[in-house]
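Undergrad:
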Amino acid sequence: MIKDLQELIRENIIDTETAQRIFKFYEKKNQKQPNRLVLIFGIIGAILIGVGIILIIAHNWDEYNKFTKSVLAFLPLLIGQASCFYTFLKKKNNLAWTEASSVFLFFSIGATISMIAQIYHIDGDLSDFILTWMILALPQVYILNSSSTSLFFISGITYYAAELGYSHFPSQFPFAYIVLLLLIVPHYYQLLKNSPKSNFANLHSRIISFSLLITVGTFSKSNEELLFISYISLLSAFFIFGHFPVFLNEKRKSLSFSSLGLFGIVITLLPLSFGETWKEIFKTISPWNRLLTSPEMVSLVITTSLSLYLLFRHDYIDKNSHLNFIKYIFLIFPLIFMSGLISPKISEIIVNLLLLAIGIQVIRYGLKEDHLGVVNYGLLIVTALFMAKFFDSELTFIFRGLMFVIIGLGFFYTNFMIIKKRK
Amino acid sequence: MNIHKKIYLLIAMAAIQLVVPGKMIYDHASVLNNGVIYKFQTEPLDPSDPLRGKYINLNFKARKFYSPINLSWKIGQDVFVKVENDSNGFAKIVAVLNSPPVEGNYFNAKLDYVEDYKQYQTLNLDLPFTRFYLEESRAANVESEYAKANKDSLVQAYATVAIKNGVAVISNVFIGKKALIEN
């Protein structure tokens, strides 16, 4: 660019003043935009060293006495803190320094606690260990403004929740997870507000959505059936949130909140398109009065309030009118669920119709947008639904056969139409 | 937030990050130094923790407690275990309680599971000192030594555990007269 500027001045296309202004503009822009490669390698380096120290410590050095070992245990922590102080005082605006030193401090906390657990043979729960670690690391996210620490923090609390809810005996509800996740929300909000297109904002959206999908299931004991409602509410919340203005011009759409929400809703509804699933649900479910006080109710209330809140914020941007009805699915789904009490057949039929409607609307949207991928995605939804029916022995062979022929023709027709339209 | 405020917060954060592990050390070291030492006989029973290294799993005879009265317990609940020495000088559980005993030594544990019988119930405890960390090269050898000793009725295997104010910290494991760690 600078070389070009000199040439442009020589050829009298721009004057020296303009050239200087252009030069200054790019200089300023470069300062704002840190070198991405340095940032990435800085973080990876810090992770590797941090993990390496944990492994070296796991060797358990027998030749030292308890006192020496206790002093050594603090070494990684002190080095991490010193590098964070140095960064804060001398390299404050250097993103690579900030992230690398904060990530290193993050891992050194874990290393120090591990080493003390070894020295004193502390037989604590893995979940307690991770919880202590995460609480100690949380302030780094805000004081040092480190987004990679925030990403590790979210992964850590998810691990904590999964450990406590899925692997622990007796399983416990990870209430601390909810509090800690709420504590990270301001950081995510700042990222979305200040740099919505940055990699960090993107990674946060992905990791938060996966974290929520993993942990909703930990709030269950004996009425897992209710989790269907929780998951539909959560995925609807994703779908609605994905249509907020901040995500309007998102580049990578494949794992965005809205497509993840839509995909998840379809996946959750598919098993419910079988009559057997509904019969099973109502065979084992507890009486209603006991359901109201069950732990599943906690996740159900939280996820439904979340989607209600997002729905009534009216920030929803109407990108594709064909799919707008999906944002209301979480409102009608509890009714579909409860109608199974009267007859499982009713719920089964409604779910089948709902899946068919979603599939058709996705196809229509794809046709309107002239997007072959979306059209075929819609066709896949319909195919999945029909595949499920393939195993439904209640339907006659002729009916099932006809369904498949129709969907096959549909594939040919829509793809042909789009390609023809493009020509 | 101005820079001075942030520096204070940074110092506070660093202090907390140092104090919490420091307190872990202080708590456990004070039990080891001032607690009453009990010998818990072990039973035969091995593993590695990805983060914390190699350790041997200890299984204790005192894991089970036969309670003459049937009480209702919740699995996984915290219990207070009262200990005394038996005539052979080994630790023996004398009571499992819902609240800390007024006198005598006790430690906190978790209730693993309960077996109910007509006349009594068996409380299976999750003792807080079943892990003994070793240097990775020694762990495998010690494990087999430990397993052999526990099968051989002539060799006594036991762990020394310091107990104070409800906290129990394992200090060493003996196989016969040999201690697993010297310092």
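Protein sequences appear in the order of chains A and B.
Residue 367 is where the first sequence starts when you use my numbering, and the numbers rise one by one after that.
Residue 11 is where the second sequence starts when you use my numbering, and the numbers rise one by one after that.
C-beta: ideal position from N, C-alpha, C; glycine also.
Note that the structure is predicted; figures quoted are calculated from it, not measured.
1) Using a Cβ-Cβ cut-off of 8 Å, state whether A:Ile462 counts as contacting chain B.
2) Would you mind telling me which residues of chain A sit closer than 8 Å to B:Ala24, beta carbon to beta carbon, in chain order?
3) Counting only beta-carbon separations shorter than 8 Å, does B:Arg73 have a partner in chain A?
4) Which same chain residues, not among the five before or five after A:Ala603, have their C-beta less than 7 Å away from its C-beta?
5) When you compare the CB positions of B:Met23 and A:Ile509, do they come within less than 8 Å of one another, or not?
6) Counting only runs of 4+ residues fully inside the region 547-591 of chain A, write out the alpha helix (DSSP H) ranges in chain order.
7) Which of the three DSSP states, helix, strand or coil, is assigned to A:Phe454?
8) Below 9 Å on C-beta distance, what does B:Val179 contact in chain A?
9) Going by beta carbon distance, what residues of the same chain come within less than 8 Å of A:Lys786, once the five residues before and after it are set aside?
10) Three or more C-beta pairs under 8 Å: does that hold for the region 495-515 of chain A against the region 462-472 of chain A?
11) Taking the CB atoms as reference points, tell me whether A:Leu601 and A:Ile574 lie closer together than 8 Å.
12) Short of 8 Å Cβ to Cβ, which residues in the region 70-103 of chain B face chain A?
13) If I follow the unbroken alpha helix (DSSP H) through A:Ser513, where does it start and stop?
14) Taking 7 Å as the limit between beta carbons, can you name the residues of its chain near B:Tyr165, skipping five residues before and five after?
15) Should A:Gln506 be flagged as near chain B, meaning a C-beta pair shorter than 8 Å?
16) By how many angstroms is the C-alpha of A:Phe782 removed from the C-alpha of A:Phe535?
17) Below 9 Å on C-beta distance, what does A:Ala439 contact in chain B?
18) Can you check which of these residues, A:Met481, A:Gly490, A:Gly744 and A:Val545, is closest to B:Arg141 by C-alpha distance?
19) Excluding the five sequence neighbours on either side, which residues of its own chain have a C-beta within less than 7 Å of the C-beta of A:Leu626, listed in chain order?
20) Quick one, which residues of the region 531-552 of chain A are near chain B if we go by CB-CB under 8 Å, in chain order?
21) At a cut of 8 Å, does the region 737-753 of chain A reach the region 653-667 of chain A through at least three beta carbon pairs?
22) What first and last residue would you give for the alpha helix (DSSP H) that runs through B:Tyr18?
23) So what does DSSP say about B:Val183, is it helix, strand or coil?
24) Going by DSSP, what residues sit across from A:Asp491 in a beta bridge?
25) Which stretch, first to last residue, makes up the alpha helix (DSSP H) that contains B:Gln131?
26) Any beta carbon of chain D sitting closer than 8 Å to that of A:Leu628?
TA: Taking the definition as stated:
1) In the first sequence, the residue the question calls residue 462 of chain A occupies position 96. Reading off the sequence shown, one finds Ala at residue 462 of chain A, where the question assumed Ile. Cβ-Cβ to chain B under 8 Å: no for A:Ala462.
2) Here residue 24 of chain B refers to the residue found at position 14 when the second sequence is read from its first residue. By Cβ distance, chain A contributes Gln447, Cys450 and Phe451.
3) Along the second sequence, one-based indexing puts residue 73 of chain B at 63. When Cβ-Cβ separations below 8 Å define contact, B:Arg73 makes no contact with chain A.
4) As a working mapping, residue 603 of chain A is identified with position 237 in the first sequence. The residues Thr669, Leu672, Ser673 and Leu676, in chain order, have a CB closer than 7 Å to that of A:Ala603 in the same chain once the five nearest residues on each side in sequence are set aside.
5) Residue numbering aside, residue 23 of chain B sits at position 13 when the second sequence is read from its first letter. Residue numbering aside, residue 509 of chain A sits at position 143 when the first sequence is read from its first letter. If you check the CB distance, B:Met23 and A:Ile509 come in under 8 Å.
6) Counting only runs of 4 or more, we get 565-582.
7) Within the first sequence, numbered from 1, the residue matching residue 454 of chain A stands at position 88. Helix, per DSSP.
8) By one-based count along the second sequence, residue 179 of chain B stands at place 169. Around B:Val179, the beta-carbon contacts reaching into chain A at under 9 Å are Tyr486, His487 and Ile488.
9) By 1-based counting over the first sequence, the position of residue 786 of chain A is 420. Its chain contains no residue whose beta carbon lies nearer than 8 Å to that of A:Lys786 once the 5 sequence neighbours on both sides are disregarded.
10) Segment contact: the region 495-515 of chain A against the region 462-472 of chain A, three or more CB-CB distances shorter than 8 Å; contact assigned.
11) Within the first sequence, the letter at position 235 stands for residue 601 of chain A. Within the first sequence, the letter at position 208 stands for residue 574 of chain A. A distance of 8 Å or more separates the beta carbons of A:Leu601 and A:Ile574.
12) Hits within the stretch, in order: Ile85 and Gly86.
13) Walking along the first sequence from the start, residue 513 of chain A turns up at place 147. Note, A:Ser513: alpha helix (DSSP H), Ser513 to Ala528.
14) Locating residue 165 of chain B in the second sequence gives position 155, counting from the first residue. Looking at the sequence itself, residue 165 of chain B is Val, so the reference to Tyr does not match. Cβ neighbours of B:Val165 beyond the five flanking positions: Ala159, Ile185 and Gly186.
15) Walking along the first sequence from the start, residue 506 of chain A turns up at place 140. Yes, A:Gln506 counts as interfacial toward chain B.
16) Taking the first residue of the first sequence as position 1, residue 535 of chain A is located at position 169. Taking the first residue of the first sequence as position 1, residue 782 of chain A is located at position 416. In a straight line, the C-alpha of A:Phe535 is about 56 Å away from that of A:Phe782.
17) One-based indexing of the first sequence puts residue 439 of chain A at position 73. Taking the beta carbon of A:Ala439 as reference, the chain B residues within 9 Å of it are Pro31 and Ile35, listed in sequence order.
18) As a working note, residue 141 of chain B is residue 131 in the second sequence. Ranking the options by Cα distance to B:Arg141, first place goes to A:Gly490.
19) Taking the first sequence and counting its residues from 1, the one referred to as residue 626 of chain A is at position 260. Ser575 and Phe604.
20) Here the close residues are Phe535, Pro536 and Gln538.
21) As far as the Cβ criterion goes, the region 737-753 of chain A does not touch the region 653-667 of chain A, which means the pair count is below three.
22) Along the second sequence, read from residue 1 onward, the residue named residue 18 of chain B stands at position 8. Segment Ile13 to Asn44, the alpha helix (DSSP H) holding B:Tyr18.
23) On the second sequence, residue 183 of chain B is found 173 positions in, with the first residue counted as 1. In the structure shown, the three-state DSSP call for B:Val183 is strand.
24) In the first sequence, residue 491 of chain A corresponds to position 125, counting from 1. A:Asp491 has no beta-bridge partner at all, per DSSP.
25) Here residue 131 of chain B refers to the residue found at position 121 when the second sequence is read from its first residue. For B:Gln131, there is no enclosing alpha helix (DSSP H); the residue is part of the beta strand (DSSP E) that begins and ends at Gln131 to Asp136.
26) The structure shown contains no chain D; its protein chains are A and B.
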